[in-house]
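Going letter by letter, the sequence shown gives residues 234 to 531 in my numbering. Here a beta-carbon is modelled for each residue, glycine too, at the ideal position from N, C-alpha and C. For clarity, every value in this text was computed on a predicted model and none was experimentally measured. Working notes, beginning with the structure itself.
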Amino acid sequence: MERVWLRSYSPGVPHEIGVGDLGSIGDRFEASVRAYADRVAFISGASGVRITYRQLDALSRNVAAWLQSVLRLPQGSRIALMLPNILQFPVCLLGALRAGYVVVNVNPLYTARELAHQLADSGAEAIFILENMAHVLEKAIGQTAVKHVVVTGVGDLLGFPKRHLAHFVVRRVKKMVPPYSLPGAVSFDAMLAQGAAARFDPVAVSSDDLAFLQYTGGTTGVSKGAMLSHRNLLANARQAEVWSDPFIDPNDEFILVTAIPLYHIFALGSAVSHITRGGCNVLVSDPRNTSAFVKVLA
234 MERVWLRSYS
244 PGVPHEIGVG
254 DLGSIGDRFE
264 ASVRAYADRV
274 AFISGASGVR
284 ITYRQLDALS
294 RNVAAWLQSV
304 LRLPQGSRIA
314 LMLPNILQFP
324 VCLLGALRAG
334 YVVVNVNPLY
344 TARELAHQLA
354 DSGAEAIFIL
364 ENMAHVLEKA
374 IGQTAVKHVV
384 VTGVGDLLGF
394 PKRHLAHFVV
404 RRVKKMVPPY
414 SLPGAVSFDA
424 MLAQGAAARF
434 DPVAVSSDDL
444 AFLQYTGGTT
454 GVSKGAMLSH
464 RNLLANARQA
474 EVWSDPFIDP
484 NDEFILVTAI
494 PLYHIFALGS
504 AVSHITRGGC
514 NVLVSDPRNT
524 SAFVKVLA
C-alpha cells in the first residue's frame with residue numbers, strides 16, 4: 234500500500250525512526266534538569282507564577298521521598314492524580330514516576346460513581362486531589378483501596394501574596410470548595426515538608442516498565458485503563474522531536490500552551506515531549522474563559 238501521507242512530511246523529517254533504549258521518563262527529566270536547570274519548566278497561566286527545572290526537580294523529589302519513605306509504598310504501586318492544569322500536577326506526576334510508581338490520571342469532573350470505578354479498577358493506594366473535588370472523593374473512597382490522600386488548594390505553589398489571594402477568592406468569594414470529610418488526609422504543604430525531611434533512594438526504572446494506567450473516556454462502555462510504558466510515552470516524544478526539529482533551535486527556550494487537560498493523553502504526551510527537551514509548558518486551567526485565555530496567549 235502506498236503511504237500517501239508521507240507526501241505531507243516536511244523536508245528533513247524521516248519516514249522511519251529508531252528509538253532503542255529510551256530509559257525512563259524520570260531519567261529524561263533528570264537529564265533536562267542537568268542541561269537546563271535555570272530554564273522555566275512550567276508557568277501557571279492564571280497567575281504567571283513560574284517554576285524552573287531546578288525547582289521542579291526539588292519539588293518532585295520531595296513528592297517521591299514522601300511516597301517512598303514516609304508512606305513506604307512498594308515500587309509499582311498506583312498513584313492517582315485528580316488535578317486540573319495547575320503547577321501541582323507536574324510536581325506530583327514526576328515525583329511518582331521518579332520513584333517507580335504508576336500514575337493514574339483522573340478527570341477532575343468525575344462523579345463519585347465514575348471516580349469509585351476508576352480508583353477501584355486501577356488499585357490506586359494514594360491520591361493527590363484538588364480540594365474543590367474532595368467532597369466527591371469522600372463519597373467514593375469507601376469503595377476503593379485508597380489509604381492515603383493529599384489535598385491541595387489551587388494556590389499552594391503560587392507563593393506570597395498570590396497564594397493567599399487565590400485561596401480567598403476560591404474558598405470565600407466564589408465558594409468553590411464544598412465541605413468534605415476525609416479523615417487522615419494530608420495537606421500538600423505538609424506532604425512536601427515531610428518529603429523534604431525524608432530520604433529518596435533512586436530506583437531502577439526501565440523503558441518497558443508501566444508508567445501510566447490511562448483511562449478511556451467510557452463513551453462506549455465503562456472506562457478502561459490503557460497500560461502505557463515509559464517507552465510508549467518517550468517514543469511518542471521522540472516522534473514529536475523529529476517532526477519539530479526543523480523549526481526549533483534547541484538552544485532557544487520554546488513554549489507550549491497547554492490548554493487541553495493534562496489528564497488527557499494528548500496533553501500528557503505533549504507535556505512529556507517538552508519536558509524531555511527543556512521546553513516550557515504554560516498551564517491553562519480554564520480555556521473556556523476566553524478573555525483570560527487570550528491574555529495568556531498575549
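(message) At the level of alpha carbons, what is the spacing between S241 and R471?
(response) 19 Å
(request) Count the C-beta pairs between the segment 329–340 and the segment 496–503 that are closer than 8 Å, then say yes if the count reaches three, no if not. (result) Taking a contact to require three or more Cβ pairs closer than 8 Å, the segment 329–340 and the segment 496–503 qualify as touching.
(request) Would you tell me roughly how many angstroms separate the C-alpha atoms of A399 and K407, rounded to the nearest one? (result) 10 Å
(request) Below 6 Å CB to CB, which residues in the same chain sit around V252 once its five sequence neighbours on both sides are set aside? (result) Correct list, in chain order: A468 and R471.
(message) For V515 and I276, which I take to be in contact (beta-carbon distance under 8 Å), what is that distance rounded to the nearest angstrom?
(response) Cβ-Cβ separation between V515 and I276: approximately 5 Å, consistent with a contact (criterion under 8 Å).
(message) So if DSSP puts F275 in a beta bridge, which residue, or which two residues, is it bridged to?
(response) In DSSP, F275 forms a bridge with I284 and N514.
(request) Consult DSSP for L304 and reduce its assignment to one of helix, strand or coil. (result) coil
(request) State the Cα-Cα distance for the pair P412 and H368, rounded to the nearest angstrom. (result) 6 Å
(request) May I have the straight-line CA-CA distance separating M366 from G386, to the nearest angstrom? (result) Their backbone Cα atoms lie some 10 Å apart in a straight line.
(message) What residue range does the beta strand (DSSP E) around H381 cover?
(response) H381 to T385 is the extent of the beta strand (DSSP E) around H381.
(request) Give the DSSP-derived three-state secondary structure of S257 in the structure shown. (result) coil
(request) Return the bridge partner residues of M460 from the DSSP annotation. (result) L446
(message) Suppose you measure from the CA of A444 to the CA of M409; what does that come to, to the nearest Å?
(response) 32 Å
(message) What does DSSP give as the partner residue(s) for F361 in the beta ladder?
(response) F361 pairs with L314 and V383.
(request) Measure how close the beta-carbons of R311 and L446 come, nearest whole angstrom, since I'm counting them as under 8 Å. (result) Indeed they touch by this definition, with Cβ atoms about 7 Å apart.
(message) If I measure Cβ to Cβ from A345 and keep anything under 7 Å in the same chain, skipping five residues before and after, which residues do I get?
(response) Excluding residues up to 5 positions away in sequence, V369, K372 and A373 lie with their Cβ nearer than 7 Å to the Cβ of A345 in the same chain.
(request) For R331, count neighbouring Cβ atoms within 10 angstroms of its own Cβ and tell me buried if that reaches 16, exposed if not. (result) Here R331 is buried: its Cβ has 16 or more other Cβ atoms, across all protein chains shown, within 10 Å.
(message) How far does the beta strand (DSSP E) with I488 in it extend, from its first residue to its last?
(response) Where I488 is concerned, the enclosing beta strand (DSSP E) stretches over I488 to T491.
(message) Rounding to the nearest angstrom, what Cα-Cα distance links Q321 and L390 in this structure?
(response) If you draw a straight line from the Cα of Q321 to the Cα of L390, it comes to about 7 Å.
(request) Using 10 angstroms around the beta-carbon of A459, count the other beta-carbons present and answer buried if the total reaches 16, otherwise exposed. (result) exposed
(request) Can you grab the Cα-Cα spacing for the pair L363 / M315, in whole Å? (result) 7 Å
(request) Could you check what DSSP says for N465 in three-state terms: helix, strand or coil? (result) helix
(request) Between the Cα of C513 and those of D260, V266 and L255, spot the shortest distance and give me the residue it belongs to. (result) Nearest to C513 by C-alpha distance, out of D260, V266 and L255, is V266.
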